[in-house]
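Undergrad:
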Amino acid sequence: MIDTIQAEAEGLIEELERRTIDEGFSIRVSSVLDGYIETDWLNLVTQESDDGDIAHPERVILLRFWIDPVGPPGYQLTAEAVHRRVFDPSLDPRQTEVMVPEGHEGEAMLLRILGGIRERFGG
């Protein structure tokens, strides 16, 4: 999902972090300089940071956000919600990730976060 937001990078990152935490995620990586946020994996059933539901990988999701400057003070905000299609220790974990399907709770969470960002900053 991509949107253009009129905001300063620091304020946008802070607001993304706050709204993401409000949805139950822990922030694993956040960098204003790199314009990047990544959460820990979140089990949607237990609401705990967990990436080990081998029987139901679609229940465990991760969010990523990138912001790229497009003109003062605007940023292109790109966001994704992913789950693992399979647990395979022989593969790089990123190779097993797929975008959550339309209608998935992870998509709904991401849309709430992005809706709050648009509400706060416009877009």
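Counting in our numbering, the sequence shown runs from 1260 upward without gaps. Glycine included, every Cβ here is placed at the ideal spot set by N, Cα and C.
1. Taking just the CA atoms, how far does residue 1330 sit from residue 1277?
2. If residue 1260 sits next to residue 1350, beta carbons under 8 Å apart, how far is it from one beta carbon to the other, in whole angstroms?
3. Return the CA-CA distance between residue 1367 and residue 1376, expressed in angstroms with no decimal places.
4. Jot down the residue ranges of each uninterrupted beta strand (DSSP E) in the stretch 1347-1378, minimum 3 residues, whole runs only, in chain order.
5. So residue 1289 packs on residue 1296, CB below 8 Å; how close in whole Å?
6. Mark residue 1314 as exposed unless 16 or more other C-beta atoms lie within 10 angstroms of its C-beta, in which case mark it buried.
7. With DSSP run on the structure shown, which of helix, strand or coil describes residue 1313?
8. Would you mind giving the Cβ-Cβ distance between residue 1320 and residue 1359, rounded to the nearest angstrom? I have them listed as a contact below 8 Å.
TA: In short, the structure shows the following:
1. Rounded to whole angstroms, the separation of the alpha carbons of residue 1330 and residue 1277 is 24 Å.
2. Separation of the CB atoms of residue 1260 and residue 1350 is rounded to 26 Å, and the pair is thereby denied contact status at 8 Å.
3. Using only the alpha carbons, I get a separation of about 14 Å.
4. The stretch 1347-1378 contains these whole beta strand (DSSP E) runs: 1356-1358.
5. About 5 Å separates the beta carbons of residue 1289 and residue 1296, which is inside the 8 Å limit, making them a contact pair.
6. Within a 10 Å sphere around the beta-carbon of residue 1314 sit fewer than 16 other beta-carbons, which makes this residue exposed.
7. It is coil, neither helix nor strand.
8. The Cβ separation is near 6 Å, so the contact holds.
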